[in-house]
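*Asks:* Chains as they are written, first to last, in the working numbering: chain A, 618 to 674; chain B, 506 to 923.
#1: With a cut-off of 7 Å, does the C-beta of residue 609 (chain B) fall near any C-beta of chain E?
#2: Is the number of C-beta pairs between the stretch 890-902 of chain B and the stretch 784-802 of chain B that are closer than 8 Å three or more?
#3: Reducing DSSP to helix, strand and coil, say where residue 911 (chain B) ends up.
#4: Between residue 817 (chain B) and residue 553 (chain B), what straight-line distance do the alpha-carbon atoms span, to the nearest angstrom?
#5: Does the distance from the C-beta atom of residue 551 (chain B) to that of residue 763 (chain B) stay below 7 Å?
#6: Starting from the beta carbon of residue 639 (chain A), find every residue of chain B whose beta carbon is closer than 9 Å, and list them in chain order.
#7: Determine the burial state of residue 591 (chain B): buried for a count of at least 16 other Cβ atoms within 10 Å of its Cβ, exposed for fewer.
#8: Can you check whether the C-beta of residue 624 (chain A) is within less than 7 Å of a C-beta belonging to chain B?
#9: Is the CB-CB distance between residue 512 (chain B) and residue 757 (chain B) below 7 Å?
#10: For residue 817 (chain B), would you say it is in contact with chain A, using Cβ-to-Cβ distances shorter than 7 Å as the test?
#11: Please check if any C-beta of chain A sits within less than 7 Å of the C-beta of residue 921 (chain B).
#12: Across the stretch 526-536 of chain B and the stretch 556-564 of chain B, are there enough close Cβ pairs to call them in contact, namely three or more that are closer than 8 Å?
#13: For residue 712 (chain B), which option in B:669, B:735, B:785 and B:655 has the closest C-alpha, if you only look at C-alpha atoms?
#14: Could you give the residue range of the alpha helix (DSSP H) that holds residue 654 (chain B)?
#15: From what residue to what residue does the alpha helix (DSSP H) around residue 562 (chain B) run?
#16: Could you check whether the Cβ of residue 672 (chain A) sits closer than 7 Å to any Cβ belonging to chain B?
#17: For residue 664 (chain A), return the contacting residues in chain B, with the cut-off set at a CB-CB distance below 8 Å.
#18: Closer than 7 Å by C-beta to residue 801 (chain B): which residues in its own chain qualify, once you throw out the five before and the five after it? Chain order, please.
#19: Roughly how many angstroms lie between the CA atoms of residue 525 (chain B) and residue 855 (chain B), to the nearest whole one?
#20: Determine whether the Cβ of residue 876 (chain B) lies closer than 7 Å to any Cβ atom of chain A.
#21: Expressed to the nearest angstrom, what Euclidean distance is found between the alpha-carbon atoms of residue 653 (chain B) and residue 727 (chain B)?
#22: How big is the Cα-Cα spacing for residue 882 (chain B) and residue 619 (chain A)?
#23: Check each residue of the stretch 891-918 of chain B: if its Cβ is closer than 9 Å to any Cβ of chain A, include it; give the result in chain order.
#24: Between B:912, B:686 and B:853, which lies nearest to residue 826 (chain B) when the distance is taken from Cα to Cα?
#25: Please look up how many angstroms separate the CB atoms of residue 770 (chain B) and residue 751 (chain B), rounded, as I've assumed it's under 8 Å.
#26: What are the partner residues of residue 550 (chain B), as DSSP defines its beta bridges?
#27: In angstroms with no decimal places, state the Cα-to-Cα distance between residue 625 (chain B) and residue 544 (chain B).
#28: Drop a sphere of 10 angstroms on the beta-carbon of residue 632 (chain A), count the other beta-carbons inside from all chains shown, and report buried for 16 or more, exposed for fewer.
#29: Quickly, what does DSSP pair residue 534 (chain B) with across the bridge? List them, please.
#30: Have a look at B:805, B:660 and B:594 and flag the residue whose alpha-carbon is nearest the alpha-carbon of residue 717 (chain B).
#31: So if DSSP puts residue 764 (chain B) in a beta bridge, which residue, or which two residues, is it bridged to?
#32: Report the neighbours of residue 509 (chain B) on chain A: residues whose CB is nearer than 9 Å to its CB, in chain order.
#33: Give the range of the alpha helix (DSSP H) segment to which residue 509 (chain B) is assigned.
#34: In chain order, what residues of the stretch 860-885 of chain B put their CB closer than 8 Å to some CB of chain A?
#35: Would DSSP call residue 603 (chain B) helix, strand or coil?
#36: Using the C-alpha atoms, what's the distance from residue 889 (chain B) back to residue 661 (chain A)?
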């Protein structure tokens, strides 16, 4: 088992966060650079509406 | 042609109709003379329709106030009884080609702005503004002082405006909106520039007015002090623009949004006059006195979001950075909000250019498919009304997603089975 720190965490971390803003807020509080991308599942994940949108849009 | 192509074609036609509309203020006259279907015993309110028992405080108080002002009842109790018996009728403004801000209270004697869409020759109506102040009939408040002011508007201001507007040969509201947006208005919560531009059109005819000097001076004094007077003209213009866009087969574009303090309703072009409703949201914003808070506020109220339906107000917040003070916002956030509205709209209105966004055109034409797909609800700038009547603040609110989901399902039921 490799116990060394992943190189990713050895230097400055730059994050792109997609979706939940909570992760962005938490990282920002820790002075981590974050670019937030607003995203949520189409039709808020409602299967019936998603099916209708497939037909209409 | 597949259904997606039919929808795109229909939406293009709808947007051509909306963007090509030319609203002109042509007259001011009592509602009984000009509003279709108006009756002496009919009182209009902001849409959608709901039962008397279910109405919010501002609606009940405003309708009873109008009944007293019109002499339809001698007391609030008698007005209540006559409304329940049907002797006094109530209906939404929208069902009579009209729109009303706040509680939207409009009765037979109310002086109305008459706006004609010169392209399609249809007309729409909105009451003249009562001016500034926290206690107005439009906010669901009535007392003797308010009654006297309404009577003055009917007997003095209305006729003065009528003569001036008729003498002007018609005032182009589309032109006023385009200029006002360059001057710091978003044309819903801020209409100071629009009002000034309107008055500039009116001063010439007022100078030539044959009204008696006292009436003329009192009218001019009122107009100069009423910062937001022309909001109602813009609302009537929006209704006049949107009415010809109704009834286009396969169109998924919203042709009306309105709130009655209980429910929020939308109409969709291809689905005609049917309202799709969901519970109205609470308005977030600034309360004008420290004694007022969210517990005092009625849910979202009024037909004034007809302005957002043509891509003004909350859709162009960066045009009026000062309005951001109501919501502790910023120009940066306002720009983000407009970019967000662009995602749910079918077109860009290059007649309404936002200076703070390098003169980008306004997003216009809410597509119910895009609202449901993105989960982005239309953003509306609006007033905050006390649950028992009275203006207590201003801010912004989102339309509830439920109306758009219901409309999309109704659209699918109608067209996917063909």
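Idealized CB from N, CA, C, for every residue including glycine.
Remember, it's a predicted structure, so these values are computed and weren't measured experimentally.
*Replies:* Looking at the atomic coordinates:
#1: Judged by its chain identifiers, the structure shown contains no chain E, and its protein chains are A and B.
#2: In the pairwise beta carbon analysis, the stretch 890-902 of chain B is classified as touching the stretch 784-802 of chain B: at least three pairs are separated by under 8 Å.
#3: Helix at residue 911 (chain B).
#4: Spanning the two alpha carbons is a distance of roughly 21 Å.
#5: Closer than 7 Å, so yes.
#6: Annotation: residue 639 (chain A) has no Cβ neighbours in chain B at a cutoff of 9 Å; minimum Cβ distance is about 17 Å.
#7: Looking at its Cβ environment, which holds fewer than 16 other Cβ atoms inside 10 Å, residue 591 (chain B) is exposed.
#8: With 7 Å as the cut-off, residue 624 (chain A) does not count as an interface residue toward chain B.
#9: Here residue 512 (chain B) is near residue 757 (chain B), since their CB atoms are less than 7 Å apart.
#10: Interface flag for residue 817 (chain B) against chain A is unset, since no Cβ pair is found closer than 7 Å.
#11: Closer than 7 Å: yes.
#12: Result no; under three Cβ-Cβ pairs closer than 8 Å.
#13: A check of alpha carbon separations from residue 712 (chain B) across B:669, B:735, B:785 and B:655 identifies B:669 as the nearest.
#14: Looking at the DSSP string, the run of the alpha helix (DSSP H) that includes residue 654 (chain B) is 649-657.
#15: Residue 562 (chain B) -> alpha helix (DSSP H) spans 562-574.
#16: For residue 672 (chain A), the answer is yes, since a Cβ of chain B falls inside 7 Å of its Cβ.
#17: For residue 664 (chain A), no chain B residue has a Cβ inside 8 Å of its Cβ, as the nearest lies near 13 Å away.
#18: Answer for residue 801 (chain B): 891, 892 and 897, listed in chain order.
#19: In a straight line, the C-alpha of residue 525 (chain B) is about 11 Å away from that of residue 855 (chain B).
#20: Answer no: the Cβ-Cβ gap between residue 876 (chain B) and chain A never drops below 7 Å.
#21: About 14 Å.
#22: Using only the alpha carbons, I get a separation of about 49 Å.
#23: So the close ones are 906, 910, 913, 914, 916 and 917.
#24: Closest by alpha carbon: B:686.
#25: Their Cβ separation, rounded to whole angstroms, is 14 Å, which puts residue 770 (chain B) and residue 751 (chain B) out of contact at 8 Å.
#26: Note: residue 550 (chain B) sits in a beta bridge opposite B:597.
#27: So the alpha carbons of these two residues sit roughly 26 Å apart.
#28: So residue 632 (chain A) ends up on the exposed side.
#29: DSSP lists B:617 as partners of residue 534 (chain B).
#30: Nearest option by C-alpha distance: B:660.
#31: B:769 and B:807, per the DSSP bridge assignment.
#32: Chain-order list of chain A residues neighbouring residue 509 (chain B): 672, 673 and 674, by C-beta distance under 9 Å.
#33: Run containing residue 509 (chain B): 508-525, per the alpha helix (DSSP H) assignment.
#34: Going along the stretch 860-885 of chain B in chain order, one finds 874, 875, 877, 878, 879 and 880 with a Cβ nearer than 8 Å to chain A.
#35: Secondary structure at residue 603 (chain B): strand, using DSSP grouped into helix, strand and coil.
#36: Between residue 661 (chain A) and residue 889 (chain B), the alpha-carbon positions lie close to 29 Å from each other.
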